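Heads up: the structure comes next, in structure tokens.
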Amino acid sequence: MNVLALDIGGTKLAAALVDNDLRIIERHECPTPASQTPQALTASLEALLSPLADRAQRVAVASTGIIHQGVLTAINPANLGGLEHFPLQETVSRITHLPCLALNDAQAAAWAEYQALEDDITDMAFITVSTGVGGGIVSGGRLMMGDGGLAGHFGHTLADPDGPRCGCGRIGCVEAIASGRGIAAAAQSALAGLDAKAIFTKAREGDVQAQSLVQRSARVLASMIADVKAVTDCQRVVIGGSVGLAVGYLEQVTGYLAQEPKAYQVMLKAAHYRHDAGLLGAAMLVQK
Ligand code: ADP
Ligand code: BMX
Ligand code: ZN
């Protein structure tokens, strides 16, 4: 059975045809529409999914936001605004004429990455550092989604009580500082207006402000990972997302985590499926 897998992020949309052996046969990507109205998202989904739908039997969606009973609600509307109660599953089924399963992007990625770990690991967490900071938990070999779909939203735990207000309404969330958006928002003077990707490039070129923005993200993420370890006692934390996978970032997080007390330390690993963890996790869940 071919699965049409879709990943909806705050920055990009990706769709892929995935075969029975979890091979990606064809993959397309486009930017997340800037206007973020239900109409704009539906139009982008139509353009992305329609050319692939007749070669698939099911659709699997990994999407940013809380996905509860097939409906998408942004916890941080700054990442995907205008989409309160977007009927995701229904919209995708209407476009493709196929049955559809939808879940949170980081939860889906956690499931894929769990399958790629050694057999004796039963408890792990996945963290994406991307437009936002998302998370997924596998506990006792089971993916936790939570009664309302909120499980694993680590990005909205506290990093700094005096920090910036997060789009979710709280003050000082990890996401408001460590995410791609958070890094870009803190940039000043010569770096103001640059996105996280450009700031990482500047950091590699030796720009001191860019280096300190990247370090701040890595430090906050390491502290959050110590909290995740304290809460879940997981044996592995897997890091994904374009910021999380950026060259040198994981090494910095590892360095900061090593400064935490031993009990809060945990082995970190870059996502095995790299940028496709969400797509493949959703596909695995429908092929199960
Ligand atoms: P999404 O959030 O849509 O899933 P990504 O995982 O690509 O998408 O994350 C997007 C964020 O990652 C943006 O803030 C972007 O600036 C940043 N980014 C993209 N590529 C890189 C890179 N090579 N290095 C550092 N940051 C990156
Ligand atoms: C936000 C939240 C999470 C998501 C995470 C990573 C929204 C729209 N999304 O914390 O549900 O998992 O961002 O999302 O509220 P990404 O777009 O960075 O992949
Ligand atoms: Zn928040």
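Under numbering that gives the first Met the number 0, the sequence shown has 142 at position 143, and the numbering climbs by one with no breaks. Just so it is clear, CB atoms sit at the ideal spot from N, CA and C, and this is done for glycine as well. Owing to the predicted nature of the structure, the values given are computational and were not obtained by experimental measurement.
Proximity winner among the options, relative to residue i (alpha-carbon distances)
i, options, result
"Leu116", "Lys268, His67 and Leu284", "Lys268"
"Cys165", "Ser216, Asp159, Ala175 and Ser49", "Ala175"
"Gly280", "Gly9, Ala15, Ile94 and Thr10", "Ala15"
"Ala111", "Gly140, Ala183 and Leu256", "Gly140"
"Val91", "Ile120, Leu5, Asp119 and Asp226", "Leu5"
"Asp161", "Gly171, Glu25 and Glu28", "Gly171"
"Gln35", "Asn19, Lys11, Val17 and Val58", "Lys11"
"Val58", "Pro32, Leu97, Glu25 and Ser211", "Leu97"
"Tyr272", "Val230, Pro30 and Leu21", "Leu21"
"Leu256", "Ser188, Ile224 and Gly243", "Ile224"
"Arg235", "Ser138, Ala61 and Arg93", "Ser138"
"Ser62", "Arg54, Pro260, Ala46 and Thr31", "Thr31"
"Arg93", "Ala109, Glu45, Leu190 and Glu250", "Glu45"
"Gly9", "Asp118, Ala189, Ala33 and Lys196", "Ala33"
"Gly168", "Pro76, Val17, Met283 and Ala13", "Pro76"
"Gln258", "Ile74, Gly243, Leu82 and Arg218", "Arg218"
"Gln214", "Glu250, Arg54 and Gly145", "Glu250"
"Arg54", "Leu82, Asn19 and Ala73", "Asn19"
Beta carbon of residue i nearer than 8 Å to that of residue j
i, j, result
"Leu220", "Val252", "yes"
"Asp159", "Gly179", "no"
"Ala105", "Gly133", "yes"
"Thr121", "Asn78", "no"
"Cys233", "Val265", "yes"
"Ser216", "Gly181", "yes"
"Val173", "Phe153", "yes"
"Val237", "Met143", "no"
"Ala107", "Leu87", "no"
"Gly64", "Glu89", "no"
"Leu48", "Phe85", "no"
"Leu71", "Leu3", "no"
"Lys228", "Tyr263", "yes"
"Gly147", "His67", "yes"
"Thr127", "Asp226", "no"
"Met0", "Gln56", "yes"
"Leu212", "Ala245", "no"
"Gly239", "Ala183", "no"
"Cys99", "Val60", "yes"
"Ala209", "Lys201", "yes"
"Phe125", "Ala150", "no"
"Val17", "Ala282", "yes"
Where residue i falls, given that 16 or more other Cβ within 10 Å makes a residue buried
i, result
"His274", "buried"
"Thr95", "buried"
"Gly205", "exposed"
"Ser222", "buried"
"Ala270", "buried"
"Ile136", "buried"
"Ile24", "exposed"
"Ser188", "exposed"
"Gly247", "exposed"
"Asn103", "buried"
"Val242", "buried"
"Ala42", "exposed"
DSSP beta-bridge partners of residue i
i, result
"Cys45", "The sequence as given places Glu at residue 45; Cys does not occur at that position. BP columns for Glu45 are empty, so no partner."
"Ile289", "Within the shown structure, residues of the chain are numbered from 0 to 287, placing residue 289 beyond reach of any answer."
"Thr200", "Answer is none; Thr200 lacks a bridge partner."
"Arg57", "Val2"
"Met143", "Ile136"
"Leu157", "Cys172"
"Leu12", "Ile7 and Cys29"
"Thr72", "Ile65"
Residue i Cβ short of 7 Å to the ligand MG heavy atom set
i, result
"Arg169", "Of the ligands this structure carries, namely the ligand ADP, the ligand BMX and the ligand ZN, none is the ligand MG."
Any C-beta of chain C under 8 Å from that of residue i
i, result
"Arg164", "The structure shown contains no chain C; it is built from a single protein chain."
Practice task
Taking only runs that begin and end inside the region 94-140, name each unbroken beta strand (DSSP E) of 3 or more residues, in chain order.
Solution key: 99-103, 123-128 and 132-138
Problem - Secondary structure, alpha helix (DSSP H): runs of 4+ residues fully inside the region 164-196 - result: 173-177 and 179-185
Problem - Ordered list of beta strand (DSSP E) runs contained in the region 216-280, each at least 3 residues - result: 235-239 and 266-269
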